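Accompanying notes for the structure given below.
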Amino acid sequence: MADIRNNFVGIKSPNPFWLASAPPTDKAYNVIRAFSAGWGGVVWKTLGEEGPPVVNVNGPRYGAIWGADRRLLGLNNIELITDRDLQTNLREIKQVKMDWPDRAIVVSLMVPCEEHAWKAILPVVEETGADGIELNFGCPHGMSERGMGAAVGQVPEYIEMVVRWCKANTRMPVITKLTPNVTDIRKPARAALAGGTDAVSLINTINSITGVNLDSFAPEPTIDGKGSHGGYCGPAVKPIAMNMVAEIARDPETHGLPISGIGGITTWRDAAEFMALGAGNVQVCTAAMTYGFKIVQEMIAGLENWMDEKGHASLDDIVGRATPNVTDWQYLNLNYVAK
């Protein structure tokens, strides 16, 4: 039987399947259900600084793109970070980690781009016993207008600066989550590495409007007659995410930087493809929201069966195997004739 135990920057989990920071990881109740179903780890929904929680919209938060067979192709959301107070989240993280010591719990963080704000939140997260932190530099809506999320992730100098602050003030592994809303994904990855990050995760959601109501002429989802751009995820973003993972994995400046792959992962095959392109593990959101937490059981069984069939003993046998075969178009053999 293939060994799919995962060790990602020192964070151990029984399998490489983590839930991404999102509504399925927003509270202990959901995380316990996820662990009971078999997920190897979670990234807890993004926490903000001490004080009044952010206010999310009161109304629909999601828009969707459906295929001809009514399968979900893409999901757009206008939700922000957690709207629960910091202390409640910290208490729950600590308790869940005590009850599930073999599972990975990484805490997503987003606070103002000021050193004192990061210095304040890091020690209280560390006290929970969490395995690591993920810096949310990717959220493209709501928080970016406040100078956080993608507003940081689109400026390499800011990325390097904040990562340095975090590495100087915590013993926990630091994972930097990157926004896809940039021209060249290698530049923010290089900046994170220069700041000392232990790993990067990508992609976060893509800036989008998924539909317009042709009766009201307002973008959907609609709040009091108005709509806004949101973050797009789901199966449709998988090709974009895999290309960006491969770009970082094969960049000489970031080669060897651990990558947590995110974006449209729905099946074990999706996960295997991400890992073949250089991801050390994968994070899932939309598939769990669409099909339920137990979808991980099919992912685990499928990955194990495929690895056994191919003779792969551990995840090390597949991580990065496809990277040497990814090249720029100009280096393709134009004399090759398909047989």
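Just so you know, this note's numbering puts the end of the sequence shown at 374, numbered straight through with nothing missing.
Heads up, the beta-carbon is just placed ideally off N, CA and C, and yes, glycines get one too.
Fair warning: this is a prediction, and the values are worked out from it, not measured in the lab.
Residue interval of the alpha helix (DSSP H) (run including residue i)
i	result
A69	A63 to A72
N340	I330 to K345
G230	R221 to G230
I275	K273 to R285
N379	Past the boundaries of the shown model lies residue 379; the chain is included only from 36 to 374, so the question cannot be answered.
W200	P191 to N204
T211	Premise fails: T211 lies in the beta strand (DSSP E), V209 to K212, not in any alpha helix (DSSP H).
E308	W303 to A311
L350	It is not in any alpha helix (DSSP H) - L350 carries neither H nor E in the DSSP assignment.
E161	E150 to E161
For residue i, the residue or residues it bridges with in DSSP
i	result
Y267	N111 and I241
S295	S236 and N316
N248	A253
L54	V77 and V319
K261	I258
Residue i in three-state terms, based on DSSP
i	result
E288	coil
Y371	coil
E180	Because E180 sits at a pLDDT of 49, beneath the cut-off of 50, its placement in the model cannot be relied upon, and the following sentence gives the value as read from the coordinates. E180: helix per DSSP, three-state reduction.
D137	coil
I39	coil
V142	strand
Bounding residues of the beta strand (DSSP E) (the contiguous stretch that carries residue i)
i	result
T81	G76 to L82
E169	G167 to N171
K47	I46 to S48
A99	Y97 to W101
For residue j and residue i, believed in contact at Cβ under 8 Å, the rounded distance
i	j	result
S143	E127	About 14 Å; that fails the 8 Å criterion.
T81	M36	Not really, about 36 Å apart at Cβ, beyond 8 Å.
I300	V235	Their Cβ separation, rounded to whole angstroms, is 16 Å, which puts I300 and V235 out of contact at 8 Å.
E195	A226	4 Å
G83	T117	7 Å
H264	N242	5 Å
Buried or exposed (CB count within 10 angstroms, at least 16 for buried), residue i
i	result
N124	buried
A306	buried
T240	buried
G177	Caution applies to G177, whose pLDDT of 45 falls short of 50 and renders its modelled position unreliable; the model cannot decide the point.
K345	exposed
F252	exposed
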